[in-house]
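Chains as they are written, first to last, in the numbering used here: chain C, 248 to 428; chain W, 248 to 428; chain S, 115 to 357. Glycine included, every Cβ here is placed at the ideal spot set by N, Cα and C.
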Amino acid sequence: MQLDEKISIIEAILFASGDPVEIEKLSFASGTEQETIPKLVKMLSDRYEETKSALVVIKLNNSYQLATKSEYADYIRNALETKRSAPLSSAALEVLTIVAYNQPVTKSFIEHIRGVDSSGIVNSLIEKNLLEEAGRLDVPGRPIAYRTTDNFLRCFKLSSLDDLPVLPDRSEQVSFDEITV
Amino acid sequence: MQLDEKISIIEAILFASGDPVEIEKLSFASGTEQETIPKLVKMLSDRYEETKSALVVIKLNNSYQLATKSEYADYIRNALETKRSAPLSSAALEVLTIVAYNQPVTKSFIEHIRGVDSSGIVNSLIEKNLLEEAGRLDVPGRPIAYRTTDNFLRCFKLSSLDDLPVLPDRSEQVSFDEITV
Amino acid sequence: MAELSFKLEKFEGPLDLLLYLISKHKLNINDIPIVSLLEQYMEYIDQMAEQDMEIAGEFLEMAARLIYIKTVSLLPSPEEAERLKKELEGRLVEYSLCKKAAALLGERYNGGSIFVRSPLKIEIDNTYRLVHDKNILLETYKNANLKYSWKNETTVSSFESIVSKKVVSVASKILYVLKKLYTFGTVKLDGIFEDMAGRSERVATFLAILELTKSGRILISDDNSEISFCGPLREKRHVLAEV
């Protein structure tokens, strides 16, 4: 089979799936070795780059997903008649951070760190598809645990949680300029 | 604006919409004259053709839609079907086992034994044709009862339900009468 | 004054306010001088009250906690105070880390400007086709049953030791008293015990009033019949209470 054709098979699968597709699945469905997949994906990306396409392949954990470049967002919003989403509040960012670095976590864990009730914020982050439920913890009360979503990775340009910014040094003294978000 | 960029705007809108998009909408969202749209779409098609991409633009009445070429259908089917025929999760196995040994059973019986909501799993087992509805029970609320299918027997190499492995001590087993729903 | 109220509203919670005070007065977060931090904190709370801003319960709870740490530190053996102080410092360090990390993360946010597609809808046969050994079912059943019997053993008696002995903390009653005062301005002393059933609750409330008096937050009237706030709040609340 031609290399071009293999690339296009990957493209077809990614396009049709919409959701992120794991490397194993791409390998199985296209009849290609798993090791070859990243190379083919790279060539697909290059192809989009060369033709100045609006599409990109993004990597999320062990999966690939087809998406549009962010510079086309306004045109797409016009067409889909969706509003630009309001920027995240600093409170929302705090909650996301706590979940991202400690997941799965419960609401009360979040509240303990922030020192304020955070229920409303957690719910609105779930609505925004940035957080999701991750089952219940096996502790008394069986509280619901939360984790970040693939959409969270996409929105923060991360390909996996390992990509999260390294936490600042614990020993440093805080200064207010730094902590005002 | 560069011509390349205009083509990519059309591409981005078609990609994100999924559904067919009318020429007027494309024109409005991209800020391009309606007469120009077909020309831009043609150039997008040519671009796909040249790079041997799996994508094509199809015209439906007064709309355009992005799709994959038909020769990739089998690969896509492979990919989307494997999504569903991944090995059973341990939770799914648990539900299946509970039904197998106690059928016909209701969702709330399953949930009582597992201690967690099992609705989603039951539904996905029905989709996989491992469980099916077995009428309604004649108790208050008339809940739906579930049983295993012939496909279930096939998947576990059983000739009939009598073939199920014998439980260590039948008397320890919870029976439906004990836990009334 | 308008500028000040804007400033007050922007605090996410008591920890946020404390971090602000620590940074503003260049205090060492790893060894907080509780007394001066408490003073500054109460100043802000008073300002909020003066502007009739609704003071969230969390802010009052933190006030109670700080007062408690201060009071305990006056006791002969300061271990408890040291432990509570370390705990608070730990939370503050953790929260400041969280804020820093949130700022770092925020820089990466692209506001949902990347679009993806919804999956193609095609007719799919979802019938499960993998084949398993039937003994998997047996294993699974054993485990599922285990869970059930474990649940069964959880009876009322498992909780008795937790439920029967109700200990009321002084800190919670400091909060209770402060809340009453913010609402009514002046509170009759015998009225405050009226709805209390347990001995532990009464003792804790009594101790709370003593602590608050000792730290100069509240004043007991000359005939020992009612309590009110010290300082500027007092007059204002009196007026409000009479209206």
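Secondary structure of Ser317 of chain C, DSSP reduced to three states: Reduced to three states, the DSSP call for Ser317 of chain C is helix.
Terminal residues of the alpha helix (DSSP H) in which Tyr155 of chain S lies: Counting along the chain, the alpha helix (DSSP H) containing Tyr155 of chain S begins and ends at 148-164.
CB contact check: Lys272 of chain C to chain W, cutoff 8 Å: For Lys272 of chain C, at least one C-beta of chain W is nearer than 8 Å to its own C-beta.
Identity of the residue in C:Lys299, C:Tyr311, C:Glu280, C:Leu411 nearest Val346 of chain C by Cα: That would be C:Leu411, whose Cα lies nearest to the Cα of Val346 of chain C.
DSSP beta-bridge partners of Tyr353 of chain C: What sits at residue 353 of chain C in the sequence shown is Thr, not Tyr. Per DSSP, C:Ala392.
Residues, ordered as in the chain, of the stretch 179-204 of chain S that lie near chain C by beta-carbon distance below 8 Å: Residues passing the 8 Å Cβ filter: none.
Simplified DSSP assignment, three categories, for Thr269 of chain S: For Thr269 of chain S, the predicted model reports a pLDDT of 44, less than 50, meaning its position is unreliable; a value from the coordinates is still stated below. Coil.
Three-way DSSP call (helix, strand, coil) for Gly382 of chain W in this model: Assigned with DSSP and collapsed to three states, Gly382 of chain W falls in strand.
Residue-level contact to chain C via CB, Arg243 of chain S, 8 Å cutoff: With 8 Å as the cut-off, Arg243 of chain S does not count as an interface residue toward chain C.
Span of the beta strand (DSSP E), counted from its first residue to its last, around Thr300 of chain S: Segment 300-302, the beta strand (DSSP E) holding Thr300 of chain S.
Interface residues of the stretch 342-366 of chain W facing chain C [CB-CB below 7 Å]: Among the residues of the stretch 342-366 of chain W, those with a Cβ less than 7 Å away from any Cβ of chain C are Val363, in the order of the chain.
Spatial distance of Gly395 of chain S from Asn376 of chain C (CA atoms): Nothing in the structure corresponds to residue 395 of chain S, since chain S is present only between 115 and 357.
Check: Leu141 of chain S C-beta below 7 Å from any heavy atom of the ligand HEM: Absence of the ligand HEM is noted for the structure shown, with no ligands found whatsoever.
Straight-line gap, Pro334 of chain C to Gly225 of chain S (C-alpha atoms, nearest Å): If I take the Cα positions, the gap works out to 6 Å.
Residue range of the unbroken beta strand (DSSP E) whose run includes Leu307 of chain W: Element bounds for Leu307 of chain W: 302-307.
Thr344 of chain C, buried or exposed, once every other Cβ within 10 Å from all chains shown has been counted against 16: The residue in question, Thr344 of chain C, is buried, as its Cβ has 16 or more Cβ neighbours within 10 Å.
Ala215 of chain S at chain C interface by Cβ criterion, 8 Å: Yes, contact with chain C.
Range of the contiguous alpha helix (DSSP H) that encloses Ser365 of chain C: That residue, Ser365 of chain C, is in no alpha helix (DSSP H); it is neither H nor E in DSSP.
Whole-Å CB distance - Ala392 of chain W paired with Ile368 of chain W, under 8 Å assumed: Contact between Ala392 of chain W and Ile368 of chain W is ruled out by a C-beta separation of about 16 Å, above the 8 Å threshold.
Under 8 Å between C-beta atoms of Leu250 of chain C and Ala263 of chain W: The Cβ-Cβ distance between Leu250 of chain C and Ala263 of chain W does not fall below 8 Å.
Between the CA atoms of Ala178 of chain S and Ile323 of chain S - distance to the nearest angstrom: Ile323 of chain S and Ala178 of chain S: Cα-Cα distance of roughly 12 Å.
Cβ neighbours of Glu315 of chain S in the same chain (closer than 6 Å, five flanking residues each side left out): Once the five neighbours on either side are set aside, the close Cβ partners of Glu315 of chain S are Val282.
Contact belief for Glu258 of chain C with Ala301 of chain W at Cβ below 8 Å, rounded distance in angstroms: Confirmed, Cβ separation roughly 4 Å.
Per-residue burial, Gln312 of chain C [other beta carbons within 10 Å of its own, 16 or more giving buried]: If you draw a 10 Å sphere on the C-beta of Gln312 of chain C, you find 16 or more other C-beta atoms in it, and that means buried.
Cβ pair Ile228 of chain S, Ser406 of chain C closer than 8 Å: In this structure, Ser406 of chain C does not lie closer than 8 Å to Ile228 of chain S by Cβ.
Cα-Cα separation between Arg313 of chain S and Phe320 of chain S, rounded to whole angstroms: Straight-line Cα distance between these residues: approximately 11 Å.
Cutoff 8 Å: Phe229 of chain S Cβ touching any chain W Cβ: Answer yes: the Cβ-Cβ gap between Phe229 of chain S and chain W drops below 8 Å somewhere.
For Ser342 of chain S, the first and last residue of its enclosing beta strand (DSSP E): Where Ser342 of chain S is concerned, the enclosing beta strand (DSSP E) stretches over 340-343.
Beta-carbon proximity of Ala318 of chain S to Lys294 of chain S, cut-off 8 Å: 8 Å or more divides the Cβ of Ala318 of chain S from the Cβ of Lys294 of chain S.
Span of the alpha helix (DSSP H) around Ile143 of chain S: Looking at the DSSP string, Ile143 of chain S is not in any alpha helix (DSSP H), and its letter there is neither H nor E.
Classification of Gly127 of chain S by the beta-carbon crowding that lies within 10 angstroms, buried from 16 upward: When all chains shown are included, Gly127 of chain S counts as buried.
Inter-stretch contact at 8 Å, needing at least 3 Cβ pairs: the stretch 200-216 of chain S / the stretch 127-138 of chain S: Touching, yes.
Nonlocal neighbours in the same chain, by C-beta distance under 6 Å from Ile169 of chain S, ignoring five residues either side: Cβ neighbours of Ile169 of chain S beyond the five flanking positions: Met162.
Same chain, Cβ closer than 6 Å to Ser255 of chain W, neighbours up to 5 away in sequence not counted: So the list is empty, once near-sequence residues are dropped.
First through last residue of the beta strand (DSSP E) which encompasses Lys332 of chain S: In the sequence under discussion, the amino acid at residue 332 of chain S is Ile, which differs from the Lys named in the question. 332-334 is the extent of the beta strand (DSSP E) around Ile332 of chain S.
Reduced DSSP category for Val268 of chain C - H, G, I as helix; E, B as strand; rest coil: Val268 of chain C sits in a strand when the DSSP states are folded into three classes.
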